[in-house]
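If you read the sequence shown in this note's numbering, its first letter stands for residue 21, the second for the next number, and so on. Data first, discussion second: the structure below is written as structure tokens.
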Amino acid sequence: MEISRAAWPDFKERESIYHLFCKFFSNTSFICENNDGVIVGFLLGFISQVDPAEAYIHLVAVDASAQRKGIASMLYQQFFQRVDWLGAERIRLIVNPENAASRTFHEQMGFVADIHGPSIMIGDVLAAENYNGPGLHMVTYLREL
């Protein structure tokens with residue numbers, strides 16, 4: 021939890037969400053530990069219960085001390101391989117339109133913006149309007165496997 025709080029201090033997430041992912045989605049959620057066994061990164065994802073061809077990455081965080089060492093890319097690659105093996109055909113996720121570094125990272129990982137329905141320009145970025153609630157616009161991304 022400390023990693024996600026440090027990565028996104030304004031992000032509000034119920035702490036119980038981590039327990040739910042570890043218990044019910046452990047086959048599609050991953051951690052990375054340093055040499056001392058301390059968790060320095062994690063990815064929480066799942067395969068849709070409604071459409072098993074679709075997977076979703078809910079949350080990824082890497083401790084500031086471990087960033088820019090390929091950990092996030094490694095976690096994503098593990099997720100890609102696992103959900104592909106489980107039969108998923110595509111992966112979805114959302115990114116805050118103001119987070120240019122995250123948008124760039126995801127585009128480098130093969131995700132493309134996939135905006136449907138009402139949209140809004142946030143600066144020079146097209147986002148799904150009110151995607152996460154009133155005023156919470158998000159860029160919705162898709163990656164085919």
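Cβ atoms here follow ideal geometry from the backbone N, Cα and C, with glycine treated the same way. This structure is a prediction, so every number in the text was calculated from the model and none was measured.
In the DSSP assignment, find the alpha helix (DSSP H) that holds V103 and state where it starts and stops.
-> V103 -> alpha helix (DSSP H) spans 91-105.
Taking 8 Å as the threshold, find out whether the segment 120-133 comes into contact with the segment 101-110 through three or more Cβ pairs.
-> By the Cβ rule, the segment 120-133 does not count as touching the segment 101-110, because fewer than three pairs are nearer than 8 Å.
Burial state of N116 (16 or more Cβ within 10 Å) = buried
Applying the criterion that 16 or more other CB atoms from any shown protein chain within 10 Å of the CB defines a buried residue, is A84 buried or exposed?
-> Exposed: under 16 other Cβ atoms inside 10 Å.
Does the distance from the C-beta atom of E52 to that of I91 stay below 7 Å?
-> According to the sequence shown, residue 52 is Cys rather than Glu. Yes, Cβ-Cβ distance for C52 and I91 is below 7 Å.
Measuring alpha carbon to alpha carbon, tell me which of A120, G143, I114 ends up nearest Y151.
-> Comparing Cα-Cα distances from Y151 to each of A120, G143, I114, the minimum goes to I114.
Count the other CB atoms within 10 Å of the CB of T48; is the residue buried (16 or more) or exposed (fewer)?
-> T48 counts as buried, since at least 16 other C-beta atoms from the protein chains shown sit within 10 angstroms of its C-beta.
How many angstroms separate the CA atom of F62 from the CA atom of D144?
-> 30 Å
Check whether A75 and I111 have beta carbons under 7 Å apart = yes
Helix or strand or just coil, what does DSSP make of T160?
-> strand
V82 classed as buried or exposed, judged by whether at least 16 other C-beta atoms fall within 10 angstroms = buried
Buried or exposed: where does V58 fall if 16 or more other Cβ atoms within 10 Å of its Cβ makes it buried?
-> exposed
Is it right to say V70 is buried, meaning 16 or more other beta carbons lie within 10 angstroms of its own, or is it exposed?
-> Exposed is the call here.
Distance, Cα to Cα, T175 vs L162?
-> Outside the shown range of the chain (21 to 165) lies residue 175, about which nothing can therefore be said.
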